[in-house]
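Notes follow once the structure below has been shown.
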Amino acid sequence: MNRRDFLRHSTMALAVAASFGMGTGTSFAAATGGRTFYLDGEAGNDGAPGNNPQQAWRSITKLNSVTFQPGDRIYFKRGSSFPGQFHPQGSGSASQPVVVDSYGSGALPHIHAYGKAQCSVYLHNVEYWTLRNLQVSNKGTQNQGNRAGVYVHHEDFGVAHGIVLDGLYVHDVNGSPIKKQGAGAGIMVNATGKQRPSRYEGLQISNCSVINTQRNGIHFLAGGSREGGLGRNVIVRGNKIQQVPGDCILIIGCDGALVEHNTVSNCTELPPGEAAAGIWPFNSDNTLIQYNEVSGHQAHADGEAFDADLACNHTVIQYNYSHDNIGGLALICNMGNKNLGAGNTGTIVRYNVSINDSLRPSNSASVRITGPVEGSAIFNNIFIIPRRPSGDAGTLFKADNWQGVPNNTAIHDNIVFAEQSPGVELGLAQKNVLSRNTVMGPDAAAIHSMVSGLTAMPVPAANGASAQAENLDRMLEKYRTFRPSLATVVHWAQTCFVNGKAIPNAYAVIENTAQMS
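Each residue of the sequence shown is one higher than the one before, starting from 33 at the first, in our numbering.
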């Protein structure tokens, strides 16, 4: 994808945008040309016809005996519980997907395998399926690696089209918190193939709530492969991830994935030694990550809100909001001795806002660049760094060696508000450009004197220098606890830079619009 065309993704419509009425099964089947099936977990009867709400089936076992066809509709009754694994057979078509939804009133219908199966919903080697408005859990008596709530799995299939997960509530999946033990996720996606490579085309995960799932939230084991083709037209949009300790949204094996308008919060702790981050691609190209909010990541290693990881080319991370993450706003990394058929080139981190990030006392930074990454650009971001709980000043930009060092990194035209003097540790990187970064804070002049490329700027005030200092002190003290909305910080990013340069009155813009929250 041409990087200049990145915004085209933000205007893509959802593949399934129209809603439909909940009329009788007969009338709906006639309209679509497919069949209609109803399930009622309380009053249903597997001996009934199952084609209307009054004569609904009862069990998932009965449903799994059907081979579904294009245009079929499956309705689970709200307020009902459905034990077991939903493992449907048969596929829809591009014009007539198989649609699963709920009917009636009350809580979403609840499908749960109680940990007796790897997952509670298993879409295996089927295509053109849409799942909406279901509640899914999979909690066993003890933690188990590779456990999932929903598992989308295609092996030796070829191109799998038209899988849509929309409005699901996935919760309480006790996989393993240890990656080497198989981890686990609320929603897991995997395209493999020993005989015939598999990949996804048009996979969408939207408007789902993923809560209290271990280790991960939405986890692509593989959307495709470089050898057999990367997944394409993948969208992860509008999801809420909470109480997930590991990788909250992880995209693997995709080209041009769009990850936007997701919220990650209240992350729980991983065991010591486990590394994870909020939203990130691995072995993927042209990923666009925008309009997301990530807060409270606590991983003992990494722990950033966003990451462009190994074998990722031309990742764009923009218009996001990161706050209170232990590892910082962003990680850009590559491992020198890891050959995945690609390196890490052309990552762009721009128009993001970071507040009170990089909370780990050591080995963290607001933006950390590690290993032989090439041509990264970090510009037009806003960093608000109140006094850290550890008492130290922290690090703003940091480069590390990971079987190689960063090369051709450009860090310019960022705005930094800092209560103390954050460090800049780029000595290991080669061919850096550090320029025109504006720093406002009590020690701004000291920062400027220590690091070329960071420029101190006074804070406007009507009553002279003492009032300027008081204004900034008051602002930074406020941001020890105050968190504006995503809409507010996106407005800052859109307003505080003109023609790629920081405006002189950025402080006033931020203070005057903070109450938009």
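For every residue, glycine included, the Cβ atom is placed at its ideal position computed from N, Cα and C. Since the model is a prediction, treat every value here as computed from it, not as a measurement.
In whole angstroms, give me the CA-to-CA distance for residue i and residue j.
i, j, result
"Asn433", "Asp334", "15 Å"
"Thr68", "Gln117", "20 Å"
"Leu558", "Val242", "Residue 558 cannot be examined here, being either before or after the span of the chain that is shown, 33 to 549."
"Asn537", "Ala192", "51 Å"
"Ala61", "Asn83", "Residue confidence for Ala61 is low, a pLDDT of 39 falling below 50, so the modelled location carries little weight; the figure read from the coordinates is stated next. One C-alpha to the other measures close to 10 Å."
"Pro303", "Lys212", "12 Å"
"Thr347", "Asp188", "29 Å"
"Ser134", "Ser257", "35 Å"
"Val184", "Ile267", "15 Å"
"Cys240", "Asn271", "5 Å"
"Leu391", "His156", "42 Å"
"Pro404", "Ile387", "28 Å"
"His203", "Pro209", "15 Å"
"Asn294", "Leu253", "19 Å"
"Thr300", "Arg506", "31 Å"
"Val399", "Ser354", "11 Å"
"Ala409", "Asn439", "11 Å"
"Val168", "Ala217", "12 Å"
"Asn244", "Ser97", "31 Å"
"Asn248", "Cys280", "5 Å"
"Ser473", "Thr379", "At residue 473 the sequence reads Gly, which differs from the Ser that was named. Looking at the two C-alpha atoms, the distance is approximately 29 Å."
"Glu457", "His523", "30 Å"
"Thr58", "Ala75", "Reliability of the predicted coordinates at Thr58 is poor, the pLDDT of 31 falling under 50, and no value is obtained from them."
"Arg515", "Ala340", "25 Å"
"Ala308", "Lys430", "18 Å"
"Val196", "Leu262", "18 Å"
"Val291", "Ser91", "36 Å"
"Gln236", "Gly288", "13 Å"
"Ser127", "Ser238", "20 Å"
"His119", "Ser152", "8 Å"
"Gly375", "Gln275", "32 Å"
Using the rule of at least 16 other Cβ atoms within 10 Å of the residue's Cβ for burial, across every protein chain shown, is residue i buried or exposed?
i, result
"Arg164", "buried"
"Asn206", "buried"
"Thr99", "exposed"
"Gly532", "exposed"
"Ser481", "Low confidence applies to Ser481: its pLDDT is 48, below 50, so where it sits in the model is not reliable enough to give any reading."
"Gln435", "exposed"
"Lys171", "buried"
"Gly65", "exposed"
"Val465", "exposed"
"Ala519", "exposed"
"Glu502", "exposed"
"Thr377", "buried"
"Arg228", "exposed"
"Gly550", "Residue 550 falls outside the range modelled here, since the chain spans only 33 to 549, and no answer is possible."
"Asn371", "exposed"
"Gly138", "exposed"
"Arg179", "buried"
"Gly459", "exposed"
"Gly423", "exposed"
"Arg105", "buried"
"Pro421", "exposed"
Flag this pair as yes or no: are the beta carbons of residue i and residue j separated by less than 8 Å?
i, j, result
"His332", "Glu306", "yes"
"Pro102", "Tyr146", "no"
"Ala425", "Pro454", "yes"
"Leu508", "Glu451", "yes"
"Val385", "Ile414", "yes"
"Thr162", "Val182", "no"
"Gly73", "Arg110", "no"
"Gly232", "Leu140", "One detail in the question is off: residue 232 reads as Tyr in this sequence, not Gly. Against a cut-off of 8 Å, the Cβ pair of Leu140 and Tyr232 comes out as no contact."
"Ile349", "Val326", "no"
"Gly260", "Ile283", "no"
"Ile358", "Ser297", "no"
"Glu336", "Gly368", "no"
"Tyr154", "Gly194", "no"
"Asn345", "Gln322", "no"
"Phe338", "Arg382", "no"
Check whether the Cβ of residue i sits closer than 7 Å to any heavy atom of the ligand FMN, and report yes or no.
i, result
"Gln330", "This structure lacks the ligand FMN; in fact it carries no ligand of any kind."
Scan the segment 184-245 and note each continuous beta strand (DSSP E) run of 3 residues or more that stays entirely inside, going in chain order. 191-193, 195-198, 201-206, 216-224, 231-233 and 236-238
Review point. At what residue ranges does the segment 421-484 contain a whole run of the beta strand (DSSP E), taking only runs of 3 or more?
Key: 427-432, 442-444, 447-450, 455-457, 465-467 and 469-472
Practice task
Just list the beta strand (DSSP E) runs in the segment 124-175, keeping only unbroken ones of 3 residues or longer that don't cross its boundaries, in chain order.
Solution key: 130-135, 142-144, 153-156, 161-164 and 167-170
Contact between the segment 215-233 and the segment 308-327 (3+ Cβ pairs under 8 Å): no
- request: Specify whether the segment 364-373 and the segment 519-532 touch according to this definition: at least 3 beta carbon pairs, one from each stretch, less than 8 Å apart.
  value: Touching, no.
Those runs of the alpha helix (DSSP H) which lie wholly inside the segment 58-101 and span at least 4 residues: 92-96
*Whole runs of the alpha helix (DSSP H) within the segment 275-351, excluding any shorter than 4 residues*: none
Practice task
For the segment 501-544, list the alpha helix (DSSP H) runs that are entirely contained and at least 4 residues long, ordered along the chain.
Solution key: 518-527
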